[in-house]
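Just so we're aligned, residue 53 is where the sequence shown starts under UniProt numbering, counting upward by one. Even glycine gets a Cβ: it sits at the ideal position worked out from N, Cα and C. All values derive from a computational prediction rather than experimental measurement.
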Amino acid sequence: GRGVAVFTSGGDSQGMNSAVRSVVRMGIYLGCRVYFINEGYQGMVDGGDNIVEATWNSVSNIIQKGGTIIGSARCKEFREREGRKKAALNLVERGITNLVCIGGDGSLTGANEFRKNWSDFIRELVEEGKITQGVADRYPNIQIVGLVGSIDNDFCGTDMTIGTDSALQRIIECIDAVVATAQSHQRAFVIEVMGRHCGYLALVAALAAEADFCFIPEWPVPENWEEILCQKLQQMRQEGQRLNIMIVAEGAIDRNGQAISAEQVKDVVKKRLNYDTRVTVLGHVQRGGAPSAFDRLLGCRMGAEAVLALMEMTEESEPCVISIDGNQMVRVPLMQCVERTKAVQKAMDDKDWETAVKYRGRS
Ligand code: F6P
């Protein structure tokens with residue numbers, strides 16, 4: 053059987069375990085030898101016990117768990133050519149030439165670099181006497197498929213990333229809890245949510261939790277935002293609301309590109325309206341806990357599709373990402389997604405908000 057390895061890289065997210073499980077079982081079902089690479093690229097570079105063969109049973113009872121049971125890490129060595137070459141040796145020794153990388157765009161870009169270097173690495177490893185010509189001939193190239201695991205939903209090319217739905221669910225529960233206490237004390241709350249440079253979680257949570265105001269990076273507030281905000285809060289109070297909820301994405305900025313923090317928003321509300329105002333930073337609770345049914349199913353479907361994609365790849369095939377488009381699993385060229393994600397960042401750096409919002413979409 054063919055050697056397939058699965059690893060998780062970068063920040064963890066709920067539903068990664070479901071994807072790992074699905075890769076393992078689909079691989080075994082199709083007659084492959086499937087390996088876990090523990091601790092992401094670090095495990096690939098270090099080899100040894102970090103690369104272990106998986107069995108059908110080794111992924112029992114993980115679908116309901118948050119995080120990633122095979123560990124994740126950010127790895128400096130893999131960014132260097134020498135580190136990648138060590139990783140290539142560890143893989144080729146075990147006959148692994150198919151990789152499923154579950155991670156964000158940084159991790160997937162790393163995988164692409166690795167693939168480009170592969171044939172040079174194999175040649176050099178023969179020259180250095182580390183592998184035989186026979187081994188080199190059997191594994192002339194490596195195939196890579198990516199799955200996007202991230203709570204941020206910041207990857208262009210898929211409708212949803214694995215983990216976003218669970219994080220959103222957690223955020224909503226937390227906001228509901230805050231609303232209960234805010235209501236009692238007639239308070240205003242500024243809630244900071246994660247998302248790095250992406251405002252998806254903040255925006256969608258604001259809608260679902262009936263917040264009064266929301267700050268996101270892709271649509272920065274205008275210069276007179278303090279006035280607009282306070283007018284809105286006052287209006288809601290006049291209409292009988294006992295509390296106010298404001299959501300601030302951790303990457304929120306103003307039109308000059310200056311960061312807007314939850315503390316800053318709180319100070320504005322206190323100073324201008326004299327409302328009793330508190331800040332709640334949700335932090336890593338958003339990334340932990342049980343995955344939602346949606347993320348479990350998304351992980352399952354993406355994992356299975358990843359293995360099918362690997363089996364159908366030829367020498368010329370470019371790495372692809374499995375994405376959800378509508379309700380379908382589709383394969384999108386990895387580099388196309390990465391380019392587009394970069395284009396969003398560039399548009400934001402250029403303060404071209406219209407383009408940033410447009411490109412955030414899938415198509
Ligand atoms: O990418 C996921 C994420 O949780 C972001 O929302 C956040 O900015 C970042 O990771 C936090 O990183 P760390 O876990 O390294 O503090």
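Looking at residue j and residue i, is the spacing between their C-beta atoms short of 8 Å?
i	j	result
Thr120	Met68	yes
Val359	Leu82	yes
Ala240	Thr149	no
Gly55	Arg136	no
Asn90	Ile122	yes
residue 416	Asp64	Look at the range of the chain in this structure, 53 to 415, and you will see that residue 416 is not part of it.
Gln221	Ser344	yes
Val396	Arg412	yes
Gly156	Val200	yes
Asn203	Ala219	Reading off the sequence shown, one finds Ile at residue 203, where the question assumed Asn. Yes, Cβ-Cβ distance for Ile203 and Ala219 is below 8 Å.
Glu367	Pro385	no
Phe267	Lys284	no
Leu334	Cys250	no
Thr60	Ile214	no
Asp228	Ala261	yes
Ala234	Leu325	no
Ala263	Ile297	yes
Glu364	Glu302	no
Asp347	Gln66	yes
Val317	Val300	yes
Give the DSSP-derived three-state secondary structure of residue i in the structure shown.
i	result
Ser415	Residue confidence for Ser415 is low, a pLDDT of 45 falling below 50, so the modelled location carries little weight; the figure read from the coordinates is stated next. Coil at Ser415, not helix or strand.
Asn296	strand
Arg339	coil
Ile154	strand
Met381	strand
Met354	helix
Ala261	coil
Ala304	coil
Ser112	coil
Phe346	helix
Gln238	coil
Gly162	helix
Ala125	coil
Ser375	strand
Glu368	coil
residue 10	One cannot answer for residue 10 here, as it falls past the ends of the chain, which runs 53 to 415.
Ile268	coil
Ile210	The sequence given here places Thr at residue 210; Ile does not occur at that position. Correct three-state label for Thr210: coil.
Glu244	strand
Thr120	coil
Asp64	coil
Taking the alpha-carbon of residue i as reference, which of the options has the nearest alpha-carbon?
i	options	result
Ile256	Lys138, Glu357, Ile223, Val382	Correcting the residue identity first, residue 256 is Val in this sequence and not Ile. It is Ile223 whose Cα lies nearest to the Cα of Val256.
Val144	Glu176, Met400, Ser159	Glu176
Ala254	Gln287, Pro274, Asp206	Asp206
Arg392	Cys226, Gly209, Val300	Gly209
Asn379	Ala395, Lys182, Lys323, Leu349	Leu349
Gln185	Ile174, Asp64, Val273, Ile194	Ile174
Gln310	Phe130, Met400, Val104, Leu160	Met400
Ile103	Gly118, Lys284, Lys117, Arg85	Arg85
Ser313	Asp347, Pro272, Gly340	Pro272
Arg73	Val230, Gly118, Gly62	Gly118
Leu281	Tyr191, Val242, Tyr252	Val242
Ala71	Ser112, Ala140, Ile194	Ser112
Pro274	Val75, Trp405, Gly62, Trp108	Trp405
Arg307	Trp108, Met387, Glu270	Glu270
Gly100	Lys138, Cys127, Thr107, Ile115	Lys138
Ser159	Tyr87, Gly92, Gly341, Asn276	Gly92
Gly162	Tyr191, Arg131, Ser171, Val178	Arg131
Cys352	Val75, Lys318, Ala342	Val75
Looking at the secondary structure, which residues open and close the beta strand (DSSP E) in which residue i lies?
i	result
Ala399	First-last for Ala399: 386-401, but that is the alpha helix (DSSP H), not the beta strand (DSSP E).
Val333	329-333
Gln195	195-202
Ile89	85-89
Arg58	A small correction: the amino acid at residue 58 is Val; Arg does not occupy that position in the sequence shown. Unbroken beta strand (DSSP E) run through Val58: 55-60.
Glu105	103-105
Grab the span of the alpha helix (DSSP H) containing residue i for me, first residue to last.
i	result
Gly95	92-98
Val320	314-325
Ile80	68-81
Val144	133-145
Val273	First-last for Val273: undefined, no H or E at that position.
Gly186	185-190
Is residue i near the ligand ADP - that is, is its Cβ less than 7 Å away from at least one heavy atom of it?
i	result
Arg133	With respect to small molecules bound, the structure shown includes the ligand F6P and not the ligand ADP.
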